[in-house]
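Numbering (the working numbering), first residue to last: 12 to 186.
Even glycine gets a Cβ: it sits at the ideal position worked out from N, Cα and C.
Just below is one structure, and these are the notes that go with it.
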């Protein structure tokens with residue numbers, strides 16, 4: 012069972028990295044196109060900015076889930092480093108439960124936000140529903156919740172080869 016869960020989460024993690032990377036690449040491509048169009052061609056386009064904002068939301072929430080699993084998120088450890096080693100597992104459990112609560116909040120209220128704004132359309136992109144632009148919030152919350160549950164059940168996964176680039180680089184398969 013453990014191998015199945017870790018394998019599924021590995022696939023979800025890789026998908027998060029791919030989606031996040033594509034969002035950044037597309038955003039980095041269309042923003043200069045908008046600037047070029049406005050200042051060189053003399054014709055301002057209305058679509059690059061709202062699409063860039065939507066892509067930023069994608070890489071923020073989906074990328075945050077991936078970075079949580081990889082242990083690459085920002086963490087302030089000045090207090091926990093000064094606690095006795097016996098208290099650190101308790102603090103780790105508290106942090107994971109708090110992160111699970113945040114992910115559940117994002118999932119539930121993000122879904123409600125999508126539903127509430129589904130019949131509205133973006134003014135600059137009239138064919139795109141506002142609810143679609145908020146969709147990465149509940150999706151990111153769901154994925155983060157999966158990764159939190161994984162950490163609660165099986166411990167930290169950031170040293171596994173799938174999430175640790177340095178370990179994959181040192182592996183024989185990477186040569």
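Residue i versus residue j: straight-line alpha-carbon distance, rounded
i, j, result
"residue 186", "residue 165", "Note on residue 186: pLDDT 42, under 50, position unreliable in the model; the coordinate value appears next. Approximately 29 Å, taken between the alpha carbons."
"residue 89", "residue 43", "41 Å"
"residue 60", "residue 45", "8 Å"
"residue 32", "residue 94", "38 Å"
"residue 97", "residue 170", "22 Å"
"residue 54", "residue 144", "26 Å"
"residue 103", "residue 134", "44 Å"
"residue 150", "residue 123", "12 Å"
"residue 101", "residue 109", "12 Å"
"residue 105", "residue 84", "17 Å"
"residue 18", "residue 52", "49 Å"
"residue 262", "residue 12", "Within the shown structure, residues of the chain are numbered from 12 to 186, placing residue 262 beyond reach of any answer."
"residue 56", "residue 49", "7 Å"
CB-CB length for residue i against residue j, believed under 8 Å
i, j, result
"residue 73", "residue 27", "5 Å"
"residue 118", "residue 58", "Residue 118 to residue 58, Cβ: 30 Å. No contact."
7 Å Cβ shell around residue i - same chain, five flanking residues per side excluded
i, result
"residue 161", "16, 20, 168"
"residue 24", "77, 80, 173, 174"
"residue 146", "125"
"residue 99", "91"
"residue 157", "20, 23"
Other residues of its chain near residue i: CB distance less than 6 Å, five sequence neighbours each side excluded
i, result
"residue 142", "125, 128, 129"
"residue 34", "66, 69, 70"
"residue 155", "76, 79, 114"
Pick from the options that is closest to residue i, judged by C-alpha positions
i, options, result
"residue 121", "131, 136, 31, 152", "152"
"residue 116", "148, 144, 39, 60", "148"
"residue 30", "18, 54, 69", "69"
"residue 36", "18, 56, 66, 60", "66"
"residue 39", "64, 54, 110, 13", "64"
Own chain partners of residue i with C-beta closer than 8 Å, once the 5 adjacent residues on each side are dropped
i, result
"residue 107", "159, 162, 163"
"residue 132", "138, 139, 140, 141"
Test: residue i CB closer than 8 Å to a CB of chain D
i, result
"residue 18", "Within the model displayed, chain D is absent; a lone protein chain is all it includes."
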